[in-house]
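What follows is a single structure, written as C-alpha cells, with notes after it.
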Amino acid sequence: MRGLSEDLRWGFILSFSGFLWICLEYALGLHTTRIALHPVLTNLYAPVAVTIMTLAIRRHRDADGNISWSEGIRAGMVVSAITSALAVPMLWVFLRYVNPRFFTSMILHAASHGRTVAEARAYFNFRSYAAESVVGPLILGLFTSVIVVAVLRWRARRP
C-alpha cells in the first residue's frame, strides 16, 4: 500500500508542476505578447515531467537497484492516471482564474498565421484541450515509463 500512496503523491506532484508550468508560461507572456514562442517553449516542460516520472519510478527499486518491468510500468501508469484525472480540473482553474483569454489569444494568433478561424476554433477550445490533457499523460506516461524502466534495469545490470 505504501507504494501506491507514493505513486499517488507523485501523480499530484506531476499535475501541480504542469499547472505551475502553464502559469509560468502566462507570466512570461507566452500566451500574450510572446505567443509566437509558445509552440516551441512549451516543450521545455518535457524534461521536468520526465524527471518527476523518473523519481517516482526509481522509488520502486529493490535494495540491489533492480526493478521489474511490471512494477515500473505499473508505478508510471498510476502516476499518469492521477495526472490525467487532475488535468481537466487544473485546466479549468487555469482558464477560469489565471488566463480566461487563453483560447481567444491562441485563435487570433493562429488565424493571423495561416489558419482559418474555423480551424483555430476547432483546435483551441476547452473540449479539445480537455481531451488532449486526459489522453496525453496516459500515452506519454506509458512511453516514459518504458524508457525509464529500461534505463533503470540496464543500470542495475552494469558492473
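Using the numbering used here, the first residue of the sequence shown is number 904, and each one after it goes up by one.
By construction, the Cβ of each residue, glycine as well, lies at the ideal position given by its N, Cα and C atoms.
The model shown is predicted, which means the values in this text are computed figures rather than measured ones.
Determine the DSSP secondary structure at residue i, reduced to helix, strand or coil.
i: H941; result: helix
i: F1027; result: coil
i: V946; result: It should be pointed out that residue 946 corresponds to Asn in this sequence rather than to Val. Note: N946 maps to helix in three-state DSSP.
i: C1004; result: Checking the sequence, you will find Arg at residue 1004 rather than Cys. The answer is coil: DSSP assigns R1004 none of H, G, I, E or B.
i: G1017; result: coil
i: R962; result: coil
i: T957; result: helix
i: M904; result: The pLDDT assigned to M904 is 47, lower than 50, so where the model puts this residue is not dependable; a value taken from the coordinates is nonetheless given after this. Coil, per DSSP.
i: V951; result: helix
i: P992; result: helix
Using only the alpha-carbon positions, how far apart do residue i and residue j sit?
i: F997; j: R1060; result: 44 Å
i: W913; j: D965; result: 19 Å
i: M956; j: H941; result: 24 Å
i: M904; j: A1021; result: Any reading at M904 must be qualified, since the residue scores a pLDDT of 47, below 50, and its modelled position is unreliable; the value itself is stated next. In a straight line, the C-alpha of M904 is about 49 Å away from that of A1021.
i: T945; j: L927; result: 10 Å
i: V943; j: S1048; result: 24 Å
Kindly indicate which residue of the options has the alpha-carbon position closest to the one of residue i.
i: R1004; options: A990, A988, G932; result: G932
i: I938; options: A1013, V1049, A1021; result: A1013
i: E974; options: A949, A959, A988, T986; result: A959
i: G906; options: I976, V943, A1034, E1035; result: I976
i: Y948; options: S908, I1050, L1043; result: L1043
Given a cut-off of 8 Å, decide if residue j and residue i are closer than it, judged by their beta-carbon atoms.
i: M993; j: F1046; result: no
i: G979; j: R1058; result: no
i: V1052; j: A990; result: no
i: H934; j: S1031; result: no
i: S983; j: L1041; result: yes
i: T986; j: S918; result: yes
If I'm right that residue i touches residue j with Cβ under 8 Å, what's the distance once you round it to whole angstroms?
i: R962; j: L1055; result: Between L1055 and R962 the Cβ distance is about 11 Å, and since that is not below 8 Å, they are no contact.
i: V951; j: W924; result: 7 Å
i: I1010; j: F1029; result: Not confirmed; about 12 Å, so no contact.
i: Y929; j: V981; result: Not confirmed; about 29 Å, so no contact.
Could you tell me if the beta carbon of residue i falls within a distance shorter than 7 Å of some heavy atom in the ligand ADP?
i: A1033; result: With respect to the ligand ADP, the structure shown offers nothing to examine, as it has no ligands at all.
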